[in-house]
Amino acid sequence: MTSVSTLSPTPRTTVSRGRNRAVAERAALYDVLDTALVCHLGVDVGHPLVIPTAFAYDRSGPDEGGTLYLHGSVASGSIRASPDATICVTMTVLDGVVAARSAFHHSMNYRSAVVLGRGRLVTDATEKDRALELIVDHVVPGRMRTLRPNTRKELAATSVVALPLHEASVKVRSGPPVDDAEDIEAGVWGGVIPLRMVAGEVIPDAAAPGPVPHDVRSRAAALR
């Protein structure tokens, strides 16, 4: 299903606090999804539970607005509770610490997304294979084509949950501190500490043969 170019917030995803930081362009949602490596799945398992997990998405997926994919063990309580239930998935990319001239105005520069909707258990074999490939390649692009196919046992032990990308909101904060004029005039320092995720040197497993493969080297290089 082809996505429209803008987000259309529902009452549940309409930003009320800090609405000046809300971004309506769907491209901003894709930016967060492309950059974040971990999302947080919020689900009701008899009590509120929020679990960090890997994810991927397909702009042209079968759900309204595209499809967000999560995976986990068939025994996972959060995954088992997600199909046919309203779930919430969030992602945050932290870009900087904002050191203001007062405690009240300290902040962070960030890009964040919230996706709400009804989870769907992926039962179609072709879609499940595609979703798992996307999840692996979201972590290390191009990695899946270097690996053996998943076994029937592995697939049977893994559940994939799909969530429509239709009901989503994005907030972004960037730039310097927003200080009161009198605090600026007082001469206190203010500014931003930029932050980004950086890869270290690749560490081969003791049994790894040959040089580091291209997909791993490329992923590491992209994070430097």
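Quick note: the sequence shown uses the working numbering, first residue 182, plus one each step.
From the three backbone atoms N, C-alpha and C, an ideal C-beta is built for every residue, glycine too.
Note that the structure is predicted; figures quoted are calculated from it, not measured.
(message) Comparing C-alpha positions only, which one of V373, S241, V226, L188 sits nearest to V279?
(response) Position 98 of the sequence shown, counting from 1, holds the residue named residue 279. Ranking the options by Cα distance to V279, first place goes to V373.
(message) My assumption, with CB atoms under 8 Å, is that P243 sits in contact with L302. Please give the rounded CB distance.
(response) As a first step, residue 243 is located in the sequence shown; it is residue number 62 there, counting from the start. As a first step, residue 302 is located in the sequence shown; it is residue number 121 there, counting from the start. About 13 Å; that fails the 8 Å criterion.
(request) Provide the residue span of the alpha helix (DSSP H) that contains G258, from first to last. (result) Translated into the one-based positions of the sequence shown, residue 258 becomes position 77. Per DSSP, G258 belongs to the alpha helix (DSSP H) from 258-262.
(request) Starting from the C-beta of D364, find all residues in its chain whose C-beta is less than 6 Å away, skip the five residues before and the five after it, and write them out in chain order. (result) As a working mapping, residue 364 is identified with position 183 in the sequence shown. Hits under 6 Å: R282, S283.
(message) According to DSSP, is E348 part of a helix, a strand, or is it coil?
(response) Counted from its first residue, the sequence shown places residue 348 at position 167. Of the three classes helix, strand and coil, the one that applies to E348 here is coil, per DSSP.
(message) Using only the alpha-carbon positions, how far apart do R377 and A338 sit?
(response) Against the sequence shown, residue 377 aligns to sequence position 196. Against the sequence shown, residue 338 aligns to sequence position 157. Taking the straight line from one Cα to the other gives about 35 Å.
(message) Out of D396, V353, L313, which one is the CA nearest neighbour of Y250?
(response) Here residue 250 corresponds to residue number 69 of the sequence shown, with the count starting at 1. That would be L313, whose Cα lies nearest to the Cα of Y250.
(request) Out of V393, V383, D276, state which residue places its alpha-carbon closest to the alpha-carbon of V213. (result) Reading the sequence shown from its first residue, position 32 is the one you call residue 213. Per the Cα distances, D276.
(request) Tell me whether A217 sits in a helix, a strand or coil according to DSSP, three-state version. (result) Locating residue 217 in the sequence shown gives position 36, where the first residue counts as 1. In the structure shown, A217 sits in coil (DSSP, three-state: anything other than H, G, I, E or B).
(request) Determine contact between the region 344-354 and the region 191-201, defined as no fewer than three beta-carbon pairs at a distance below 8 Å. (result) yes
(request) Give me the Cβ distance between H422 and V341, rounded to the nearest whole Å; I'm assuming they're in contact under 8 Å. (result) Nothing about residue 422 can be reported from this structure: the residues present for the chain run from 182 to 405 only.
(request) Verify whether the separation of the beta carbon atoms of A294 and M325 is less than 7 Å. (result) Numbered from 1 along the sequence shown, position 113 holds the residue referred to as residue 294. Numbered from 1 along the sequence shown, position 144 holds the residue referred to as residue 325. No. Outside cutoff.
(message) On the CB-based measure, 16 or more other CB atoms within 10 Å of its CB, does D361 come out buried or exposed?
(response) Sequence index remark: in the sequence shown, residue 361 carries index 180 (1-based). Exposed.
(request) Quick one: give me the first and last residue of the beta strand (DSSP E) that D453 is part of. (result) Residue 453 cannot be examined here, being either before or after the span of the chain that is shown, 182 to 405.
(message) For a test of the three-state rule: what should DSSP assign to T183, helix, strand or coil?
(response) Position 2 of the sequence shown holds residue 183. Here T183 scores only 46 on pLDDT, less than 50, and its place in the model should not be relied on; the value that follows carries that caveat. Correct three-state label for T183: coil.
(request) Entirely within the region 248-293 and at least 3 residues each: give me those beta strand (DSSP E) ranges in chain order. (result) 248-254, 267-280
(request) Starting from D305, follow the alpha helix (DSSP H) in both directions and report where the run begins and ends. (result) By one-based count along the sequence shown, residue 305 stands at place 124. Unbroken run through D305: none, as it is neither H nor E.
(request) Tell me, please, which residues DSSP counts as bridged to G298. (result) Taking the first residue of the sequence shown as position 1, residue 298 is located at position 117. Partner(s): I268.
(request) Reducing DSSP to helix, strand and coil, say where L313 ends up. (result) Here residue 313 refers to the residue found at position 132 of the sequence shown. Three-state result, L313: helix.
(message) By alpha-carbon positions, which one of G368, E348, T216 ends up nearest to F236?
(response) Taking the first residue of the sequence shown as position 1, residue 236 is located at position 55. That would be T216, whose Cα lies nearest to the Cα of F236.
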